[in-house]
Amino acid sequence: MEMFTYALLTTVLAMVAVQNLYLMVGLAAVQALLLGAEAAWIGWQHGDTALYWAAALTVAIKAVVIPLFLRYIIRRIGVIHILDSTLTVKVTLLIAIGLTFVAHYATGALAEVGGIESEALAAALTLVLIGAFLMVSRRVALTQVLGLLVMENGLFLAALATTRGLPLLVDVGIFFDVLVGALVMGLMIYRINATFESIDTSKLRRLQG
Amino acid sequence: MSTEAPVLEVPIPAVPPGQAVTWAGGVWSGLVLVLSLLAARAVFTAGPVRSLFGIVYVDSLGALMLVLIALVGLMATLYAGSYLRHEQKRGQVTALQHLHFFGWFHLFQITMIAAVVVENIGFIWVAVEATTLVSAVLVGFYNRRESLEAAWKYVILCSVGIAFAMLGVILLYTSGVHAGLDHREALNWTSLMAIAPNLNPAVVRMAFALALVGFGTKAGLAPMHTWLPDAHSQAPSPVSALLSGVLLNIALYAALRVELITRQASGAGFTGNLLLTFGLVSLGIAALFILVQRDLKRLLAYSSVEHMGLVCVAIGLGGPVGLSAAVLHMVCHSLVKPVLFFAAGNLGHRYHSYHMERIRGACRAMPLTGGLLIAGALAITGMPPTSLFLSEFGIVAAGFAAGRAWASVVVLLALAVAFAGLLLHVKEMALGEAPHGIQIGEGLDWRALPLLVPLALAVLLGIWMPPAVADALRQVAAMLGGGL
Amino acid sequence: MLTMLLQLLLFALWAPLVNGVIKATKARLQRRVGPPIWQPYRDLMKLFRKQMVISGSATWLFHGAPYVHAGATAAAALLVPSVPALQRGGDFLLLIGMLALSRFVLALAALEPGSAFGGMGSSREMAVSAFVEPALLVTLGAFIVIGTGSGPGRLLAAAALVIITVAETGRVPVDNPDTHLELTMIHEGMVLEYSGPYLGLIAWSHDVKQLIMLTLLANLALPVGLFGQIWLALPVYLVKTLLLGVLLAFIETGMAKVRILKIPDLLITATALSALAALSGLPLGR
Amino acid sequence: MEVDPHVWLLGLGFAALALGAAIALVPLRSPALVTYGCAALGAAALAAGAVSALLAGRWPDLGAVALLPGMGGLRFHMDALSAYFVLLIGGLGAAVSVYAIGYADGQARLQGSLWSLFIAAMAAVVLSADGLGFLFSWEVMAVVSFLLVMAEHRDPEVRQAGYFYVVMTHVGTAFIIGAFLTLYAASGSLGFEAFRAAAAGLPVGVRSAVFVMLVVGFGTKAGLVPLHVWLPRAHPAAPSHVSALMSGAMVKTAIYGHLRFSFDLLGGGSAPAWWGGLLVALGAVSAVTGVLYATQQTHLKRLLAYSTVENVGLLVMGVGAGLVARSFGLGLLSVAALAAVLFHAVSHAAFKGLAFMGAGAVLHGTGTADMERLGGLIRRMPRAAALFLVAAMAVAGLPPLSGFIGEWLSLQTFLGLAAAGGSAAARLGAVGAVTAIALAAGLGAAVAVKAFGITFLALPRTGQAERAHDASPAMVGGMGLAALAVLGLGMVPGAVLTLAAPVVSAAVPEFGSEAVPGAGGPLTWLSINPGTDLQPLATPAALLALVAAALLATVILGRGRPRWRKDMTWTCGIEPGARMEYSGAGFSKPILLMFRGVLQPVRTLKVDPAAHPLFPGQVHYQSELKAVFEQRFYRPVTQAVMGAATRLRRLQTGSLQIYLLYLLVAAVGVIVAAR
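Chains as they are written, first to last, in the working numbering: chain E, -14 to 194; chain Z, 148 to 631; chain L, 4 to 289; chain F, 268 to 942.
Below is the structure:
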């Protein structure tokens, strides 16, 4: 359990640091795989079949469909390696660590509630916050989608950590939303690239004030 | 401009575009309205309705939202008919796009309806996220640079926000499970309300805080509101009307569901203060932004931020006065804001711009639209005889009643600034002489209905509230006060 | 009714003589022979018999103004306490109001012919009167507060009333009744277009107004000799007003005309003196 | 149960106004006649109802509509005070409506509809017995008057003026809301009777806070300096019949508010003396400042607007005097003060309404209200001139017209206060107030001379003035009604004071109506010769007799009617012409220079150097008053707000990343807060 958690944190920190788009998509896929594995493991531990389904969905959608779709978009657009971070790696990492502290600080109070694994919840919140931060620090539209995926992963982890997942029906709904969201965003990136001849969102600054 | 992405093409049978779609949409929306009214009557006379294996659940708050969605939806559909026909005639929109528009437009309404007729908070979340995705397509409808930019910001910011909300939902679920609820019903609102006193207050508080940030992003609360002026201004005007008029309410509705549980679990202090803070910040920021706007639709969008802030302030202050004012205010805002967006759409068509500097002498060029622009502006700033006067007065009164006169003072100040700001722009747009080359004259036909009906309703509520409406609002306010 | 008529006659007949005495005194002081003191009566009689030249642009207002001016001044005269036996009643606010009315119509009539002199006189008259009215009001109020007592208050108020009298009668240093020099004139500018009977009425009214002010000064600043019997009181009154007229002549001769823009200073001083007088008469220490 | 006739009359009045508002929107053959005729009938019925009620002395409830469930709504109740103000509003409304039939011929549609609503809203304000209903009516009145001001919106200045007005009145209303809700927080209800009950138990600090808020709120509507700046802009911008009603009646609703709250609801008897003192001071400043600025105006309607500021100042001084007197237990003086306020309110309504109607006639007849372009209108517009003269004399406060009586009553009060006031400060203040009123009266006379003289007398300055046409019969009718009121009020002041008596005795209950001056009360104090008071018709009759005597004397002494011949005006031998006349600016120049410390004139003189050194070609002279209040009070505030908004606007950078950062910060913030 803890191993998974640390592995997840490692992947997210790696994502903060790397610049290659394919690599980032890959890391997101790995993250989803890890999550799926964790879900399956917890399901096996508790004999919860619903978690198998959740794990399968996670892997299928977040580790396979969406990464493939994003790679397709990258290929269509033809951008692989661009410098999209607005901050230096050092600063980025420092802030990411700071957000980890915030997450631990915030979840510390909730630990007393029986059954909540404070450590895992903290990791989940870390994932969510760093995912959001990833979006703050990156300019390229695609990495922003990846940041969103990291956040979703954090949410899934939170659900796992606290209550062994949400009701399956809700989970299905969420996965559907994630899938559609990724598709919509991917298509938008495509259109943005077509219109602006770039997927650098810092160029999207016509609307101000 | 760009290649049409294949996924965006919703299969709609190839009917002749134009009139037929408009009529079909109108009939459909009318039907929805009738059904909503029937459902609302059932709810308000006999209590919450549950059906379809317990998935569909409508209580008084939901019923009110339902009626608002249906009413504004019908008006927007009617307006969209004439709006798009005009654009099609001018060649801005192809027949195919016209069809697409209506497909997405009604899908958008369906997702909104879905959000208010389910009980499971998880489902509410799913529906709210779905509204974002669907409406993002509509925001980007024109395929211009600006609209793409707006749609992108909209979808990203709201998705991030709503991810925080999801975390809140998960925490709520956790606390429900730990308080002994079954997995299947631990996200059911009624079940959670029933055992709310047993929920862990710390967890629920955190859940509410996250839910408020998340749904608050969608509801346009500052400082998470930044996407709103972009999206609301770039969307086609009928869509803007729906976005401003009802979607914001729905986001707030979702946050309120969590708030009610939290209030039961940990007392009104925390939730009230948080709502009050966000509300006042939104109010203040929006009021100042209104003053320095240059674009008509952005102006209206900021006004929406202001009004959402007001509703939050009212709920945050609480008390019977505050809550009934909040409910009334949501209703009134839903009635009046669409009218303003419709008027803005008409003006945009006539002046070929939403730049307020270019829109001059609207009363001369378009007497009806110009007049309604003034009337709407006066209404939205809380001037009698419209009901917004009453609701805004109630909100200010709530502060005094709650012993927080300072909050009311801030509200009064912000309202005065917003009033000055809105009228500063509107008087120049509506009055004076129309610029050279602008076509003069405007006919009065059924196309005026979507502008006239809601405003007339707002005036009616302002001078005489039908007993049925009064009773319904009272029930909703009572529910917001903590009753089921 | 009879007392009213008597008071009216007293003012109408006595006022030109006072003016004559003042003129004679001034002449003596200036080492001139000067006209006899009866000259004002002769002037008036002559004026009333002359044919007038009326401006071509004058209307009913120009014709009506002298009558209203005279009527209002006469009304003011009725309100002034001259000799106790003739007192009918009326308050000093109405007195000030009547004086204001007489001034108002004249100021309007002065604008009628459209000459620059008329406008000048009218404009200056209204500006000065804006200061005269508060001064007069506060001064008369101060006398009421002081009542019959004597003390520094009465002295202050009396000084104020002297200044106001000078201003109201259009004399140096406020105005100069003897010249038609546009740099200085106020009252004379206003009546420049009038001639014949109208000018007679106005001049007569002006004399009456002068007597009103002197009467106030005589009876308020020097409340002596107010006997109940008219044959005792009347001579005292006549003498007092004549003496005060002489005093006025001395003041006028001994002073230089001040700039128009300095006039407010004089009148503000008067107001301040009276306010001080009023306050000195009040039991402030409660 | 028998219903009082005044209830019927009021109902009839409101019904006629509603009809007028509705029928204006229907296409008609002669819309002005029907629309404004309806309004006139409605307003007249309101006035009649008010008179009937005041005479009958019965005060039934007039019905209610719930607006906000559980909080309140429109609830109408008439008592003496509201009846008196309904009389004012209805009376003036009727006269001006008649005038509008002729004047607003082209503005009978939407404007005509709003007109009826305006009258109805003003009446509703003074009849409201509930805070919410009061504010509702108050705001309707504001909105409707704003739209009426905007009638000639093609002119950017009009738009600016209307905007200024509506924003200021909105801010003022915010203060009133604050005051109401403070009382609401204490009483739990918005009913006036609940306010009254709650105010009695409130600590004096809270009551004072409420009072100050009301002073600001009502002061804005009334046009108290320095809250007056909207007034001289809006009044000239509005159509003249609207200005007449705004100036004559609408600002009086603020006086009503002052009276209602300071005397009735906040318990005038137990008020600290400084309440009244504050009002007297503010009023005095307004009176003097208003009239001073009035002297300097060359736009006829702006001049009248500043004169309204003056008169509002006088009214507020009266209210203050009444409060001071009450707090020192000087009931009789309080009675006198109230009588002064009530009388002057009606009198000002009549003469200022008349003056604005006259200005409208000038505007209608010549196309301009700029005095420098007018002159000599007395020949082309004799009827309008005669009627305007009545108004001008009342503005100047001359006997025997109504303006004088009002000033007389105020001066009596303050002199009484100076003689008998409760403290040294009160006496000193009273002496100051007397001076201020007298100064205002003196300058007021100058204003009146200028307004009438420059506009109507001498030679026409432009072709516009030469081609003027006189007012139409309907306009003359409306003005005539108002002029009759001015004359009647001046000559028989007791009539209206009798109607005011129940109001006064309700406000100062320890004295019955027999104490009210002119309504049977003693006013024997403070005259040089005691024994006289307001004897109806005595003064005017005497005056008339004396004028006749002057005529008689002229005839006798001149042995016949005066004979004259016409000739040119003497202008030192030059052909007389309009260029030789004193201009409006020139007329008030001495006052400008005497008060340059207050008025702060800014003048620019440009001499064209091209010509001969001794004979310059063209000389441009421009003189204007420094906008002291705008620069000192308003510009800093608006600049601060606009500056804040402009700086804040930069937050919306357009950068998605920055937006996400806001979101992240907010999320972290609430997470930390929730812990």
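Positions of the beta carbon are idealized from the N, C-alpha and C atoms, including for glycine.
Residue i CB to nearest chain F CB: under 9 angstroms?
| i | result |
| --- | --- |
| P137 of chain L | yes |
| Y240 of chain L | no |
| G3 of chain L | Any property of residue 3 of chain L remains undetermined from this structure, which presents chain L solely from 4 to 289. |
| M173 of chain E | no |
| L10 of chain L | The question names Leu, yet the displayed sequence has Gln at residue 10 of chain L. Judged by the 9 angstroms Cβ criterion, Q10 of chain L is not in contact with chain F. |
| T180 of chain E | no |
I think residue i touches residue j, with their Cβ atoms under 8 angstroms apart; what is that distance to the nearest whole Å?
| i | j | result |
| --- | --- | --- |
| T487 of chain F | T449 of chain F | With a Cβ gap of about 18 angstroms, T487 of chain F and T449 of chain F do not count as contacting. |
| V629 of chain F | L644 of chain F | 7 angstroms |
| A540 of chain F | A693 of chain F | 7 angstroms |
| P19 of chain L | D181 of chain L | Contact doesn't hold; Cβ gap of about 17 angstroms is too wide. |
With 16 other CB atoms within 10 Å as the buried threshold, where does residue i fall?
| i | result |
| --- | --- |
| K300 of chain Z | buried |
| G363 of chain Z | buried |
| A820 of chain F | buried |
| H736 of chain F | exposed |
| D94 of chain L | buried |
Using a beta-carbon distance below 9 angstroms, is residue i in contact with chain E?
| i | result |
| --- | --- |
| L335 of chain F | no |
| S149 of chain Z | Note that S149 of chain Z scores 39 on pLDDT, short of 50, meaning its location in the model is unreliable and no value can be drawn from it. |
| R942 of chain F | yes |
| A433 of chain Z | no |
| L591 of chain Z | no |
| L280 of chain Z | yes |
| F355 of chain Z | no |
Is residue i close to chain Z, meaning its C-beta is less than 9 angstroms from at least one C-beta of that chain?
| i | result |
| --- | --- |
| A441 of chain F | yes |
| Y370 of chain F | no |
| E424 of chain F | no |
| P52 of chain E | no |
Could you check which residue in the options has the C-alpha nearest to that of residue i?
| i | options | result |
| --- | --- | --- |
| A552 of chain Z | Z:T533, Z:A625 and Z:G469 | Z:G469 |
| T337 of chain Z | Z:V350, Z:V214 and Z:G323 | Z:G323 |
| G456 of chain Z | Z:E504, Z:A565 and Z:Q440 | Z:A565 |
| S126 of chain L | L:I205, L:H190, L:K265 and L:L225 | L:H190 |
| G588 of chain Z | Z:L620, Z:S538, Z:R497 and Z:L596 | Z:R497 |
| Q427 of chain F | F:A773, F:Y303 and F:H502 | F:H502 |
| F719 of chain F | L:A73, L:A110 and L:L276 | L:A110 |
| G598 of chain F | F:A396, F:P776 and F:L402 | F:P776 |
| G250 of chain Z | Z:A171, Z:H325, Z:M222 and Z:V196 | Z:A171 |
| P843 of chain F | L:A88, L:V71, L:G117 and L:L97 | L:G117 |
Compare the C-beta of residue i against all C-beta atoms of chain L and say whether one is closer than 9 angstroms.
| i | result |
| --- | --- |
| W541 of chain F | no |
Problem set entry | Whole alpha helix (DSSP H) elements within the stretch 40 to 81 of chain L, 4-residue minimum | For the stretch 40 to 81 of chain L, whole alpha helix (DSSP H) runs of length 4 or above, ordered along the chain, are 42 to 52.
For this session: Just list the alpha helix (DSSP H) runs in the stretch 335 to 384 of chain F, keeping only unbroken ones of 4 residues or longer that don't cross its boundaries, in chain order.
Result: 347 to 370
Problem set entry | alpha helix (DSSP H) runs wholly inside the stretch 223 to 284 of chain L, at least 4 long, in chain order | 233 to 257 and 266 to 283
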